[in-house]
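Chains as they are written, first to last, in my numbering: chain A, 1 to 150; chain B, 151 to 1167.
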């Protein structure tokens, strides 16, 4: 019974990891589309997808290892690392876009720029998806239980 | 325990993420500190003084209360508008209006309700303070039909006036719209109310200008073809505007019909001029917060005021037919994708513009062609090419509705040059006295425009048949200091107006004369006065015997026996060609034929489209022409700069009153300024000058723009000018001024100076050192969407207007940044558009105004333009910055860029090496998320030339700002205290909260793990 409960939790953990990965992939896509939507939202920053990919790999790896080896402290630490990677990616994106947001929203310089707003929405969408991914990882962080064998 | 361990781990996870988020957010906010403070009305530093603060102020405002300051804004702007409004038509003395009691009027046109008060972005007046036409009229002796006003208010949502088109970084442009109320809507208009408000119908028509937008000639410029007749231009009247005129005329109840032109782009209004049912036309430009009071007073006879403004641009019948309009708009290199493969045009290298009209912009074209059509018909001046009437010979009368400098008054004046009171030195400085006599029945002011016709013969360098060389205005010599005293010339009275003119501002530039030089050809020079350029030219033609009439009083002929070559400035700087690479023919031979008056038909500009950048041009378009040296010996600079956080005791206040560039005080201050801070400020436009803690520098304070400081008074007022929150003017906004074309139309040195003085007073109150004005690009074409910020199509008027404003402002300690240097003559792809021109045209039109403001106005700061000069970013162009500005004009002040948006294009190394000092950038974080990487001590300290350029940069900057408002309220004993605005406190609190959470739950997690392990054991 105990083992079933543990497996169930690990299944949920795995599911959350996959969900988080989907959010992050979508976020990266939105970011990239935002760049190519043109406007002030240009200049591809390779750090953002790189951090995202690391976060996904790490999260999925943790989920798989938890399935196989059960929960260990290191997995909780790695979950925190995943959060850190997501936050850094998110803030890098915001840092690179905040000037553009300001130009678009606070002045009428670009008020009629349809492509600029399209890029803005993609950027906001990307940031939102990163947040959802982060929340998934937060929830996952609570799921890990110390497996007591036997 | 298991459960708790999981909870602690989860909470630790959240708090760690929160901590990282908050720390990064803090860094981000810190990098935007200046912008955040400005937007959130907060402050991050404060000066604390010991002793009486008044003693620490070198610049004091003439106004001691906010009420006085606000009243000054109202009065000056009312006067600027009253003297800058131009009466174009006044059939049968329809104006001024006069009745017993209130004058009852009905306003027509969507712009009577949604008026263009100002430009946009940096040239925007405070909306909440705008006094509408209706409000001003009702306050100044009129009764405005309220039902009609309500009718338009009800239509605001559907018929917001259209504007020029957005045109930044595009490969396709769209036209603009007018969006005047269509006739169908007038079925619901309160027609029954008209009769009760029928002393006059006032129709307001206009076009909205804006930064980053342009109009375009022909079909391209029209977004909705249903708005116009086929073949019309966006600057012509739309079908709905024409229908509105007919509608008003058809009412039959209005005693008079008056049209107000609310536009800073010259419109096509020949139909209105020739419409006998239109009694009067007034150009009002963009009136700012209080300009309509001036307009109301001019309309009302009871005020006793008379218009005295004149047009700053030619009003052509068909604006698309001018030579400049043949090349205006979007032109992409055919191979632009090979130059810059990025989808975002990160190199801003895709576009070009060829100005092949030579010197013949604005009136210089229309008047010169007119002259040649009479004097030299063989030149093809009367050929069909460029004619507004298809198939017909070019004829001035069917080309120009109202010439440059034209303007009526309610009285009449005669102007005569008084030779015995004049001292003419064609090859030097002359003073010309003009006697003005009021020959009419009412008092008024007359602006005196002095023109010069230079001798021209085939084979000589191009010359305009007439050019403005100076101007003055009656009454100003008698008026008391300030702008409250107005002296009118009474009927029958005469006044002598003396105008000083300068050789350097009318000599012609000849690229073929030696290495390039200004020349004055031998022959007869005609000084002439008149009501505008055309009138003056007719006087010259009369004096030369080509037209009938006696021009002996209005012209003065002066002989120059021998050709004069000017190859060095009065200060001894060499004059030589600087812009050979800006002639497209030197890069792609045979591309452009420049217009010459010896062959109008054969050289009239053709559109230059479809050019391909050559292999030699592409590296220059890519901008990366300077590579930082590595490992060079720069030890000579070790003691030149200061050390971070280690003050040597030199205080910035030793610069108070220092105005000599060679003064050793600059070096002393620099020796206490750390290189890393200097580099930071270079890329941060000195928005955080208080970071120079070693010299105890305070806040600098900077603001746009051409219609006053974009700052509210109360929150920004500081020191001895601090304003209480209870003060009724606490929320007063200082951006109130009329648009620059209205200032230009006053033809008043005094009023431009007074505007500068008042902006200076504003700046003293709010401690604003750095003003991004005057804007002074030439109106090359009426299609430039940003003409609202610039004065005129004429460089002399532009140069002196800007100079007077700068002198007034700088007397009050403001550092004026004239802009946009240079050739920012259209907004379409302004970032990076490669602008080609011939050097003579460049020097005699666009650059001449700047030359005046540097030499006469002594401006201490200049902002470069977004565009390229030829192939090179303006700030990095050695011809413009190194050769002309720093060399020939010997300019020592600060050169800054416009707002950096494309760091790969606006690359700092090339700019600094050319003589630019500051990169205008509100944050070190650019779009790619990082500052220019190489702008760091570890890189620049390996490049000796760059270290020299950086030293020059800070030297120029201190020279510009050392003796200014910056040091107002500071003394050697002052302390700059760091403040923590609420947004910073919030972020720091979040950082603290997250850190505590991380530590607490991290420890609990570890403890729970230890406990559970013990339990297992």
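Even glycine gets a Cβ: it sits at the ideal position worked out from N, Cα and C.
The structure presented is a predicted model; accordingly, all values stated were derived computationally and were not measured.
C-alpha gap between residue 1126 of chain B and residue 802 of chain B, whole angstroms: 12 Å
Where residue 603 of chain B falls, given that 16 or more other Cβ within 10 Å makes a residue buried: buried
Expected contact under 8 Å - CB spacing of residue 181 of chain B and residue 1129 of chain B to nearest Å: No, residue 181 of chain B and residue 1129 of chain B are not in contact; Cβ-Cβ is about 18 Å, not under 8 Å.
Near-chain A residues of the region 491–525 of chain B - C-beta to any C-beta below 9 Å: 492, 493, 494, 495, 496
Helix, strand or coil at residue 482 of chain B according to DSSP, with G and I counted as helix: strand
Other residues of its chain near residue 1029 of chain B: CB distance less than 6 Å, five sequence neighbours each side excluded: 728, 729
Alpha-carbon to alpha-carbon, residue 818 of chain B and residue 828 of chain B: 15 Å
Members of the region 857–885 of chain B that neighbour chain A once the beta carbon cut-off is set at 8 Å: none
Residues bridged to residue 1171 of chain B (per DSSP): Nothing about residue 1171 of chain B can be reported from this structure: the residues present for chain B run from 151 to 1167 only.
Three CB pairs or more closer than 8 Å across the region 467–485 of chain B and the region 259–267 of chain B: no
Proximity test, Cβ basis, 9 Å: residue 73 of chain A and chain B: yes
Short CB-CB distance (under 9 Å) between residue 33 of chain A and chain B: no
Contacts around residue 423 of chain B, its chain only, beta-carbon distance under 8 Å, and the 5 residues preceding and following it disregarded: 238, 239, 431, 551, 552
Three-way DSSP call (helix, strand, coil) for residue 160 of chain B in this model: helix
N-terminal and C-terminal residue of the alpha helix (DSSP H) that residue 185 of chain B is part of: 183–190
For residue 966 of chain B, the first and last residue of its enclosing alpha helix (DSSP H): It is not in any alpha helix (DSSP H) - residue 966 of chain B instead sits in the beta strand (DSSP E) that spans 965–971.
is_contact[residue 79 of chain A, chain B] using C-beta, thresh 9 Å: yes
Chain B within 9 Å of residue 136 of chain A, Cβ atoms only: no
Three-state secondary structure assigned by DSSP to residue 1023 of chain B: strand
Check: residue 852 of chain B C-beta below 8 Å from any heavy atom of the ligand NAP: With respect to the ligand NAP, the structure shown offers nothing to examine, as it has no ligands at all.
Helix, strand or coil at residue 780 of chain B [DSSP, three-state]: coil
Close beta carbons around residue 217 of chain B, own chain, < 7 Å, minus the five adjacent residues each side: 879
Test: residue 121 of chain A CB closer than 9 Å to a CB of chain B: no
Under 9 Å between C-beta atoms of residue 134 of chain A and residue 86 of chain A: yes
Where residue 692 of chain B sits in the DSSP three-state scheme: helix
Beta-carbon proximity check, residue 439 of chain B vs residue 886 of chain B, cutoff 9 Å: yes
Coil, strand or helix - residue 747 of chain B by DSSP: coil
Any 3 or more C-beta pairs closer than 8 Å across the region 947–956 of chain B and the region 626–635 of chain B: no
CB contact below 9 Å: residue 1078 of chain B versus chain A: Residue placement at residue 1078 of chain B is flagged as unreliable, the pLDDT there being 46, under the threshold of 50; the coordinate-derived value follows with that caveat. Yes, contact with chain A.
Cα-Cα separation between residue 647 of chain B and residue 377 of chain B, rounded to whole angstroms: 48 Å
Neighbour flag for residue 90 of chain A against chain B, beta carbons, 9 Å: yes
Within chain A, partners of residue 163 of chain B - CB distance below 7 Å: 79, 80, 83, 138, 141
Cβ distance (whole Å) where residue 549 of chain B is taken to contact residue 683 of chain B below 8 Å: Not quite, the Cβ-Cβ distance comes to about 14 Å (not below 8 Å), so this is no contact.
Cβ-Cβ distance between residue 636 of chain B and residue 486 of chain B below 9 Å: no
First and last residue of the uninterrupted alpha helix (DSSP H) at residue 911 of chain B: 899–916
Which of helix, strand or coil DSSP assigns to residue 423 of chain B: helix
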